[in-house]
Amino acid sequence: MRFTSICCKGGGDEVTDSIKKLCRSGIYCFAAADGEGAFAQAGAELAASAIISEFERAPEVSEERASHCLWEASEAFKRKAGEDTLLSGVTVSAAVLITDGETAVCSHIGNARVYKFSKGLLEFITNDHTEAMEKYLAGELKFENIRESASSPLTRVISADSEAEPETDEIFRLGSKSSFIICTDGFWRYVEEPFMERSLKKAQSSKQWLAAMLSELEKNAPAGCGSITAAAIIL
């Protein structure tokens with residue numbers, strides 16, 4: 001398995017995201033989190049760390065474990081917010097991907113995404129928990145217009161005063177040419193899916209793939225864009 005990740009402030013004043021990864025017993029866990037609010041980075045770091053800690057407690061590729069990792073991240077956030085009122089206004093989107101190279105499972109909340117590719121072609125994208133995605137699923141908005149509504153209100157988040165409702169997808173059976181991207185909206189809103197496919201087909205490594213997508217992002221992102229966070233994973 002080859003993977004390359006980035007988490008940087010982009011054109012913003014500070015990093016508001018977090019990305020973490022861990023391997024235990026041949027099973028990899030990737031966690032990405034995006035905070036919003038005055039202490040966004042602290043919230044994102046707390047959520048991503050809690051996901052990894054919960055995975056480490058019981059490494060397993062299962063829908064239950066993926067969902068529980070996000071649920072525990074929500075509980076850890078609430079506990080910390082109860083001690084530190086600075087987190088009271090922070091909300092977090094997060095995603096987790098767990099894989100052993102033969103199977104994979106993902107869970108997410110908010111607008112952090114997981115993409116799956118098979119033989120270089122996009123096969124699956126997690127559904128954002130936003131009003132814009134709801135309009136798309138209802139046939140009221142085209143998929144390509146979701147990016148124009150990237151600031152659409154979130155409908156599910158990790159926060160101090162909400163119950164986490166992560167969405168967990170069924171386990172994937174993986175082929176020898178499966179690839180993934182796990183990222184926050186600061187990445188996917190400026191790199192369109194057709195380019196993800198084209199750059200993957202040309203790339204000789206996860207590093208090349210991510211580098212190509214970051215070059216595309218730089219062309220499309222406006223000055224002052226926020227944090228950029230993603231991991232490119234090639235099996």
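For the sequence shown, the residue numbers in the UniProt record's numbering are 1 to 235. Ideal Cβ positions, reconstructed from N, Cα and C, are used throughout, including at glycine.
Can you list, in chain order, the residues of its chain whose CB lies under 8 angstroms from that of residue i, leaving out five sequence neighbours each side?
i	result
alanine 58	Arg65
lysine 142	Tyr136
Can you name the residues that DSSP bridges to residue i?
i	result
phenylalanine 3	Ile233
isoleucine 51	In the DSSP output, where bridge partners are listed per residue, isoleucine 51 has none listed.
arginine 24	Ile27
leucine 154	Thr130
tyrosine 115	Ile125, Ile181
threonine 168	Ser107
cysteine 8	Ile228
serine 18	Ala33
Ordered along the chain, which non-local residues of its own chain (more than five positions away) have a Cβ less than 6 angstroms from that of residue i?
i	result
tyrosine 115	Ile125, Ile181
serine 178	Ser118, Leu235
serine 74	Ile158, Ala164
glutamate 131	Ser152, Pro153
asparagine 220	Tyr190
threonine 99	Tyr28
glutamate 144	none
phenylalanine 172	Ala104
Please return the same chain residues whose Cβ sits closer than 7 angstroms to the Cβ of residue i, not counting the five positions on each side in sequence.
i	result
glutamate 14	Gln41
lysine 80	Leu46, Leu87
tryptophan 188	Arg113
glutamate 72	Ala50, Glu54
May I ask which residues mark the beginning and end of the beta strand (DSSP E) holding residue i?
i	result
glycine 186	Note, glycine 186: premise wrong, no beta strand (DSSP E); alpha helix (DSSP H) at 185-188.
serine 215	Careful: serine 215 lies outside any beta strand (DSSP E), inside the alpha helix (DSSP H) at 206-220.
leucine 200	First-last for leucine 200: 193-202, but that is the alpha helix (DSSP H), not the beta strand (DSSP E).
leucine 97	91-99
Quick check on the DSSP output: the alpha helix (DSSP H) that includes residue i runs from which residue to which?
i	result
cysteine 69	63-83
I need the DSSP call for residue i, collapsed to helix, strand or coil.
i	result
alanine 32	strand
serine 159	strand
- At a cut of 8 angstroms, does the region 67-83 reach the region 195-214 through at least three beta carbon pairs? no
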